[in-house]
Amino acid sequence: MKLPLRKLVNGSPQLSNIAYKQGLPCKLSYALAKNIKKIESELQIYNSEREKIIEKYCVKDEDGKLKLNKDNTYDIKEE
326 MKLPLRKLVN GSPQLSNIAY KQGLPCKLSY ALAKNIKKIE SELQIYNSER EKIIEKYCVK
386 DEDGKLKLNK DNTYDIKEE
């Protein structure tokens with residue numbers, strides 16, 4: 326089954342919460358652990374590429390820190 330990255334990013338914390346609950350059958354717990362490991366490796370790649378894009382296109386303040394808007398989103402450079 327293929328999932329878009331958005332669903333992986335949004336669903337990963339809930340999946341981890343389910344996996345760490347006690348009382349799950351061993352087979353289900355094992356399957357969840359394997360899937361979580363795969364998802365985490367995909368999310369590491371996603372986050373590293375996301376950080377590169379943010380560094381390249383976002384506005385920085387005088388100290389070199391990324392500038393955030395009032396709604397906690399990044400300012401994008403005008404080209």
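So my numbering is basically just the index in the sequence shown, starting at one, shifted up by 325.
Note that the Cβ used here is the ideal one computed from N, Cα and C, for glycine as well.
Less than 7 Å between the beta carbons of residue i and residue j, yes or no?
i, j, result
"Tyr382", "Ile364", "no"
"Ala344", "Leu357", "yes"
"Leu393", "Lys385", "no"
"Leu330", "Tyr355", "no"
How many angstroms separate the CA atom of residue i from the CA atom of residue j?
i, j, result
"Leu349", "Glu404", "53 Å"
"Cys351", "Asp388", "51 Å"
"Asn342", "Gln369", "19 Å"
"Lys346", "Lys327", "25 Å"
"Ser337", "Asp396", "24 Å"
"Leu353", "Asn360", "11 Å"
Put residue i into one of helix, strand or coil per three-state DSSP.
i, result
"Tyr371", "helix"
"Tyr382", "helix"
"Leu330", "helix"
"Leu391", "strand"
"Tyr345", "coil"
Taking residue i as the reference, give the member of the options with the closest Cα.
i, options, result
"Glu376", "Tyr399, Lys395, Pro338", "Tyr399"
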